[in-house]
Every structure is written in C-alpha cells, then in structure tokens.
Amino acid sequence: MLVGGRRSKVTSTLLAYVALTKPRIIELLLITTIPAMFAAERGIPGFGLVVATLVGGTLAAGSANALNCVVDADIDAVMRRTRTRPLARHAVPTRNALVFGIVLGILSAAFLAWTTTWQAAVLAVVAILFYVFVYSMWLKRRTSQNIVWGGLAGCMPVIIGWSAITGGIGWPAWVFFGVIFFWTPPHTWALAMRYREDYAAAGVPMLPVVATERVVVRQIVVYSWAMVACSLLLVPASSWIYAAVAAPAGLLFLATAHILHFRVLKGVPAQPMTLFHLSNLYLTVISVAWAVDAAIGLNVVGWPW
23 MLVGGRRSKV
33 TSTLLAYVAL
43 TKPRIIELLL
53 ITTIPAMFAA
63 ERGIPGFGLV
73 VATLVGGTLA
83 AGSANALNCV
93 VDADIDAVMR
103 RTRTRPLARH
113 AVPTRNALVF
123 GIVLGILSAA
133 FLAWTTTWQA
143 AVLAVVAILF
153 YVFVYSMWLK
163 RRTSQNIVWG
173 GLAGCMPVII
183 GWSAITGGIG
193 WPAWVFFGVI
203 FFWTPPHTWA
213 LAMRYREDYA
223 AAGVPMLPVV
233 ATERVVVRQI
243 VVYSWAMVAC
253 SLLLVPASSW
263 IYAAVAAPAG
273 LLFLATAHIL
283 HFRVLKGVPA
293 QPMTLFHLSN
303 LYLTVISVAW
313 AVDAAIGLNV
323 VGWPW
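In this note's numbering, the protein residues as written are 23 to 327.
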C-alpha cells in the first residue's frame with residue numbers, strides 16, 4: 023500500500039511538471055512549425071530534421087510556458103479557468119518551476135543548435151525571452167494591447183521551422199508569421215469575452231475588460247480581415263491547392279466574425295466561443311493545406327523565392 027502511494031505521488035508530481043509546460047498550447051504552436059518546414063523545402067523535409075525541430079520547439083515552448091506559470095501564479099490562483107494549474111494549487115514549489123523552465127530553455131537552445139541550425143536556436147531563445155519578459159512581465163498587466171504585441175512570441179515557430187531548413191527566413195515565412203499575428207487577437211479576445219469576469223477579478227486589462235463589447239467585436243472583425251488578407255498573400259508562393267482551401271476557410275472565419283459583431287449590435291447573447299473554437303480549426307486547416315501543397319510540389323502560382 024505504501025509503495026502504491028509513493029508511486030501515485032511520483033506520478034502526480036510528474037504530471038504537474040508536464041502541466042507547467044501547457045501541452046495544449048504547445049500542440050497549437052507545433053501545428054505551424056511543420057508546414058513552414060515543408061514550405062521551405064517545397065517538398066517533404068528529412069524526417070530526422072523534422073523530429074529534431076519539433077523536439078527543440080517543444081522544449082522551447084515548454085520553457086516559456088513554465089516560466090509564464092511562475093510569473094502568473096498570482097493571476098492563475100484567482101481565475102477559475104486557471105486555478106487548477108500546478109503553481110496555483112501548490113503542486114510544485116515556485117523555485118522548482120523556475121529552475122525547470124530555465125533548464126528546458128537551455129536544453130532547447132543547445133538541442134536546436136546541435137541538430138538544426140544556430141539561427142533556429144537563437145530564434146527559440148528570443149521567443150522565450152520575449153514571451154516571459156515582454157509579454158508576461160510587462161505587457162499583460164499594463165495594456166489592453168497585451169495580446170496584440172505579446173502574440174509575436176506565438177508567431178516564432180514559423181520562422182524557427184523555416185530557419186531549421188534553410189538557415190534563413192524566406193518571405194513566405196514572414197507572411198505566415200503575419201497570419202498568426204493577426205489571428206491571435208480574435209482568437210484570444212473571443213476567449214476573454216467568455217471569461218471577462220475572471221480577467222477583471224485578476225486585474226488583467228484584456229480588451230474585453232476595459233472596452234465595451236461593441237469595441238471588442240469591431241476589433242475582432244478588423245483583425246479577422248487582416249488575417250485572411252495576409253493568408254491569401256501566400257497564394258503566389260503556393261499552388262492552387264492552398265488557394266482552394268485558404269479562400270473558403272477565410273470566408274467562413276469572416277462570416278463567423280461578422281455574425282458575432284451582428285449579435286452584439288442587436289443586443290443578443292454574443293456566443294464568442296463559437297469563434298474561438300473555429301479559430302483553432304482555421305489555423306489547423308490552413309497550416310495543413312500549406313504543408314500538403316508544398317509536399318505535393320505542384321508549380322507555384324508565381325513570385326518564387
């Protein structure tokens with residue numbers, strides 16, 4: 023019985039450390055890394071290089087997320103959505119979480135430099151530092167534009183993936199970087215509309231906390247249009263396959279954003295989570311389309327890099 027109890031405690035501790043890395047967020051980040059590698063190769067990249075980049079990217083994202091948990095422990099303890107996170111429920115000592123995050127960051131940089139390119143390693147370090155010091159420690163608690171500029175860290179996997187293949191960054195990578203940049207505010211603000219009271223109680227000035235719903239949904243529509251327009255800029259660097267997926271996916275996203283706007287203007291329940299869940303699907307669909315397009319390797323529409 024004692025052995026079983028010890029085993030259970032070890033398992034729960036390991037799961038707590040895994041939870042510090044926020045695996046679900048890592049999944050979303052890796053979804054954009056692989057297509058960038060396929061697009062940079064304009065074909066199917068080596069399996070070993072893809073695995074190495076994903077492992078390094080996972081370590082980097084895990085580092086940033088664990089350090090974010092350290093910085094946001096007080097916020098997480100207040101918000102219903104996050105109060106079960108390891109530091110909020112004291113499942114992991116703060117000092118241990120800090121060391122864990124730093125070690126993951128060092129391992130990610132070393133691993134990427136060894137297995138891919140030094141540029142990819144440097145970009146991973148930049149992403150970690152930006153997410154922790156610029157977003158978590160500065161922007162998040164000070165401005166309603168926190169997620170707009172803080173979201174830059176979430177765009178980094180695209181250029182890390184591209185750099186792992188080429189050692190540089192081609193213009194299509196920067197375009198998809200822009201897609202994720204414009205995608206982040208609608209995605210996050212839709213969630214923040216649903217959990218507005220949580221953010222307000224924690225003192226986090228997310229846009230839905232400090233602005234009216236009309237202002238928020240108007241901004242969501244603006245960023246949605248910018249996102250879709252940016253996604254279509256990839257068409258010249260792709261074949262008709264990407265265009266055939268990106269165009270209707272973009273129209274569906276825009277329609278959903280406008281419906282959200284219309285509901286708020288009419289004074290009926292907004293249902294922002296519909297857009298939130300669609301945003302995850304949208305990013306996945308166009309990422310897969312970009313990767314499949316590159317893997318098949320048909321002639322691009324134009325503007326080769």
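Where a beta carbon is used, it is the ideal one built from N, C-alpha and C, also for glycine.
Query raised in the report: In this structure, does DSSP put A279 in helix, strand or coil?
Result: A279: helix per DSSP, three-state reduction.
Query raised in the report: Under a Cβ-count criterion, where at least 16 other Cβ atoms within 10 Å of its own Cβ denotes burial, should N90 be classed as buried or exposed?
Result: The residue in question, N90, is buried, as its Cβ has 16 or more Cβ neighbours within 10 Å.
Requested in this report: Between the Cα of F298 and those of F275, V310 and A313, spot the shortest distance and give me the residue it belongs to.
Outcome: The shortest CA-to-CA distance from F298 to any of F275, V310 and A313 is the one to F275.
Requested in this report: Check the C-beta distance from L50 over to N302 and give it rounded, since I have them as a contact under 8 Å.
Outcome: Contact between L50 and N302 holds: their C-beta atoms lie close to 7 Å from each other, under 8 Å.
Query raised in the report: Using 8 Å as the Cβ pair cut-off and three pairs as the minimum, do the region 315-325 and the region 245-263 touch?
Result: As far as the Cβ criterion goes, the region 315-325 touches the region 245-263, which means the pair count is three or higher.
**Report entry** Span of the alpha helix (DSSP H) around G132
**Finding:** Residue identity differs from the one stated: residue 132 is Ala in this sequence, not Gly. Counting along the chain, the alpha helix (DSSP H) containing A132 begins and ends at T116 to T137.
Report task. Using a threshold of 7 Å, state whether the C-beta atoms of A131 and V147 are closer than that. Result -> Yes, the pair counts as a contact, with Cβ atoms nearer than the cut-off.
Query raised in the report: Do A99 and A113 have their CB atoms nearer than 7 Å?
Result: No, the pair does not count as a contact, with Cβ atoms beyond the cut-off.
Query raised in the report: For P57, which residues of its own chain have a beta-carbon under 6 Å away from its beta-carbon, when the five flanking residues on both sides are left out?
Result: So the qualifying residues of the chain are S309, W312 and A313.
Requested in this report: Could you tell me which uninterrupted alpha helix (DSSP H) segments, each at least 4 residues in length, are contained entirely in the region 178-247, listed from first to last along the chain?
Outcome: Segments of the alpha helix (DSSP H) lying fully in the region 178-247: 193-216, 218-224 and 229-232.
Query raised in the report: When the Cα atoms are used, what is the spatial distance from A41 to P108?
Result: Just so you know, the alpha carbons of A41 and P108 end up roughly 7 Å apart.
Requested in this report: Can you give me the Cβ contacts of V267 inside the same chain, cut-off strictly under 6 Å, excluding the 5 residues immediately before and after it?
Outcome: Cβ within range, chain order: A311.
Query raised in the report: Does the Cβ of G173 have 16 or more other Cβ atoms within 10 Å, making it buried, or fewer, making it exposed?
Result: Buried, by the Cβ-count rule.
Query raised in the report: Quick one: complete alpha helix (DSSP H) runs, 4+ long, within the region 84-114?
Result: Assignment of alpha helix (DSSP H) within the region 84-114, counting only whole runs of 4 or more residues, yields 95-100 in chain order.
Query raised in the report: Can you give the beta carbon distance from L145 to M178, rounded, assuming they're within the 8 Å contact cut?
Result: That pair is a contact at about 6 Å.
Query raised in the report: When you compare only the Cα positions, how much space is there between V250 and V156?
Result: In a straight line, the C-alpha of V250 is about 27 Å away from that of V156.
Query raised in the report: Tell me which same chain residues have a C-beta within less than 8 Å of the C-beta of H283, skipping the five on either side of it?
Result: Taken in chain order, the residues that qualify are V239, R240, I242 and V243.
Query raised in the report: Buried or exposed: which applies to G272, given that a residue is buried once 16 or more other Cβ atoms fall within 10 Å of its Cβ?
Result: The residue is buried, with at least 16 neighbouring Cβ atoms inside 10 Å.
Report task. Look at the Cβ atom of V93, then the Cβ atom of S158, and state whether they are nearer than 7 Å. Result -> In this structure, the beta-carbon distance from V93 to S158 falls below 7 Å.
Requested in this report: Tell me where the alpha helix (DSSP H) around L320 begins and ends.
Outcome: It is not in any alpha helix (DSSP H) - L320 carries neither H nor E in the DSSP assignment.
**Report entry** Pairwise C-alpha distance: A214 and P230
**Finding:** Distance between the alpha carbons of P230 and A214: 6 Å.
Query - Through-space distance from Q141 to G123, alpha-carbon basis - result: Taking the CA atoms as reference points, G123 sits about 21 Å from Q141.
Query raised in the report: For P294, does the three-state DSSP call read helix, strand or coil?
Result: Note: P294 maps to coil in three-state DSSP.
**Report entry** Secondary structure of I261, DSSP reduced to three states
**Finding:** Correcting the residue identity first, residue 261 is Ser in this sequence and not Ile. Note: S261 maps to coil in three-state DSSP.
Report task. Please name the residue in R285, N118 and L52 whose C-alpha comes closest to that of A74. Result -> The alpha carbon of A74 has as its nearest neighbour, out of R285, N118 and L52, the alpha carbon of L52.
Report task. Please list, in chain order, all residues of the same chain as R218 whose beta carbon is under 7 Å from its beta carbon, the five residues on each side excluded. Result -> The beta carbon of R218 sits closer than 7 Å to those of P230 and V231, all from its chain and outside the five residues before and after it, given in chain order.
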